[in-house]
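Taking it in order: structure first as structure tokens, then the write-up.
2 protein chains.
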Amino acid sequence: MSKETHAFGDIKSPAGPGRPRAFDEAEALEKALCVFWHKGYETASVDDLTKAMGLSRSSFYGTFGNKQALFHKALRHYSRRGLKNLRDVADAGGNDPVGAIMEALANPQGGRDGCMLINCLTELAPHDDEVAALGRRHLESIDEIIARALEPSDPGQVLDKARAFASLAIGTLALRKAGVPDEQISQTLKQARLVISP
Amino acid sequence: MSKETHAFGDIKSPAGPGRPRAFDEAEALEKALCVFWHKGYETASVDDLTKAMGLSRSSFYGTFGNKQALFHKALRHYSRRGLKNLRDVADAGGNDPVGAIMEALANPQGGRDGCMLINCLTELAPHDDEVAALGRRHLESIDEIIARALEPSDPGQVLDKARAFASLAIGTLALRKAGVPDEQISQTLKQARLVISP
DNA sequence: CTAATATTGGACTGATTGGTCCAATAATAT
DNA sequence: ATATTATTGGACCAATCAGTCCAATATTAG
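Chains as they are written, first to last, in this note's numbering: chain A, 844 to 1041; chain B, 844 to 1041.
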């Protein structure tokens, strides 16, 4: 973390003649994302990563710089995609966007691994400002999306309610990690209705 | 994690003649707790721990077995003490135990470090069954304490409401880690009233 | 005082960590 | 074909990791 190694190799620009990459950068990033998601930042070794990505160490460092840079890139990608998903779910919910969001929340993508961004927030935020800042932006966006979904059916205090709802949803991720049965989590999520429409 | 090293040294029984310990075991455990709380399990090295505890490596391994065993002991201690605190707060709250709990929640002990147990849950639970089980028991106890605090003023669905309230509170820990301002977090916690008394 | 028993400090180990380096290879543009 | 430019694999490095071991020391019971 406070390593300051700055060993950036040289990240080649993809221009000019020369041998082309034998792998897809986006695909490799996706694989790395999975490893970080499942194991966390510290526990994911460069060996784990290169193996999962199907890359040699040279390609790894040549393409992504170093472990931390790759991680930040993966996390930004995760955030962007997650927010897009949430927006899509809300939009596809028709006249009940909140209901659609809640349903999606009851069956999260990561399963027992939870939300990667929240995981990384608790693991790294106090010691990595970039992660903390990204986390803050991500949470803010979530609040806004939920607030917008709330607005039509309820005029007042939408942002406060959205924030409470989001916090409750985030809290259930911890339960999931602990192995609390899905049924109980769903039940708890239903209670979140009270926060929204009293 | 999946190391299975089983290198248990030998944990001496505190009986018989011989040189007495130059340190207080409980105090040392407390120091270790702080390190784990602040840095997490993986990032806390045995060097960090021994330095903070003021112990030599011999005393460290001789007394606590190994890093993982020390960690589990610290976490159990943390859980026990935290639940006792919560019960005390509720009891001292007089006719408004829920209000007392909420106030305590607004100024948590760990500050930006959050709740150690939740931190460890997200870091380790999927790969350490003992942590997961301890986490489940801890969360269950929290639910029960809140439910009991809720009961006098509200007869029905106390457990469901307590669970929703607890999840919301746990969610705010992530906000705190990200550096969301205290004011906003307090505001969000106030919204939790809606979950409790609609 | 002596024998027995603990604790202590620190040197040490083998494994693993993130990161570097380079010769070999492959593809391009001319 | 040739020169140029990239990528690739794998050997390699210093640092750090958790954990072991032992001689030196301190304390007790008798």
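Here a beta-carbon is modelled for each residue, glycine too, at the ideal position from N, C-alpha and C.
Check, Outcome
"Rounded C-alpha distance that separates A/Ala1021 from B/Ser901", "34 Å"
"Spatially closest choice to B/Gln1030 from B/Ala949, B/Ala975, B/Leu1002, B/Pro969, by CA coordinates", "B/Ala949"
"C-beta contact flag for A/Arg979 and B/Val1023 at 8 Å", "yes"
"Within-8 Å CB hit, B/Val1023 to chain A", "yes"
"Alpha carbon of B/Leu1002 to alpha carbon of B/Ile985, nearest angstrom", "11 Å"
"Exposure label - A/Pro863; buried when at least 16 CB within 10 Å", "exposed"
"Whether A/Val941 touches A/Ile1039 by CB criterion (8 Å)", "yes"
"DSSP-derived helix/strand/coil call for B/Ala1035", "coil"
"Given 8 Å, three or more beta-carbon pairs between the region 896-910 of chain A and the region 955-962 of chain A", "no"
"Buried or exposed by the 16-neighbour rule on C-beta atoms within 10 Å, applied to B/Arg1019", "buried"
"Cut-off 7 Å between Cβ atoms - residues of its own chain near B/Ala1043, not counting five sequence neighbours on either side", "With chain B running from 844 to 1041 in the structure shown, residue 1043 of chain B is simply not present."
"Proximal residues of chain B, C-beta to C-beta of A/Asn962 below 7 Å", "Thr965"
"Rounded straight-line distance, which links the Cα of A/Leu967 to that of A/Leu872", "20 Å"
"Element boundaries [alpha helix (DSSP H), containing B/His981]", "972-993"
"Cβ distance (whole Å) where B/Ala1012 is taken to contact A/Gly1014 below 8 Å", "7 Å"
"Interface positions of the region 874-896 of chain A facing chain B (Cβ-Cβ less than 7 Å), listed along the chain", "Gly883, Glu885, Thr886"
"A/Ala869 (DSSP reduced to helix, strand or coil)", "helix"
"Per-residue burial, B/Arg1033 [other beta carbons within 10 Å of its own, 16 or more giving buried]", "In the sequence as presented, Arg is not what sits at residue 1033 of chain B; that position holds Lys. B/Lys1033 comes out exposed."
"Best match in B/Gly905, B/Cys877, B/Glu973, B/Phe866 for proximity to B/His915 [C-alpha to C-alpha]", "B/Glu973"
"A/Val878 vs A/Ala869 beta-carbon contact at 8 Å", "no"
"Proximity of A/Ala1017 and B/Thr965 at Cβ, strictly below 8 Å", "yes"
"Residue burial classification, A/Pro969 (beta-carbon count within 10 angstroms, cutoff 16)", "buried"
"Pairwise C-alpha distance: B/Gly925 and B/Arg919", "10 Å"
"Chain A within 8 Å of B/Lys1020, Cβ atoms only", "yes"
"Coil, strand or helix - B/Gln1027 by DSSP", "helix"
"Proximal residues, the region 990-1011 of chain A versus chain B, C-beta separation under 9 Å", "Gln1000, Asp1003, Lys1004, Arg1006, Ala1007, Phe1008, Ala1009, Ser1010, Leu1011"
"Chain A contacts made by the region 968-992 of chain B, where a contact means CB separation under 7 Å", "Ala968, Pro969, Ala975, Gly978, Arg979, Leu982"
"Inter-residue Cα distance where the pair is B/Leu929 and A/Thr906", "50 Å"
"Best match in A/Ala1009, A/Glu983, A/Asp939, A/Gln1027 for proximity to A/Asp997 [C-alpha to C-alpha]", "A/Asp939"
"A/Gly861, buried or exposed, once every other Cβ within 10 Å from all chains shown has been counted against 16", "exposed"
"Helix, strand or coil at A/Gln911 [DSSP, three-state]", "helix"
"Proximal chain A residues relative to B/Gly942, where beta-carbon distance stays under 7 Å", "Neighbours of B/Gly942 on chain A: none; closest Cβ ~17 Å, over 7 Å."
"Alpha helix (DSSP H) segment containing A/Thr1015, residue limits", "1001-1021"
"Proximal residues to A/His881 (C-beta, below 7 Å), its chain only, five neighbours per side dropped", "Asp956"
"Reference B/Asp971, options B/Tyr884, B/Glu983, B/Ala947, closest by Cα", "B/Tyr884"
"Burial state of A/Ala1007 (16 or more Cβ within 10 Å)", "buried"
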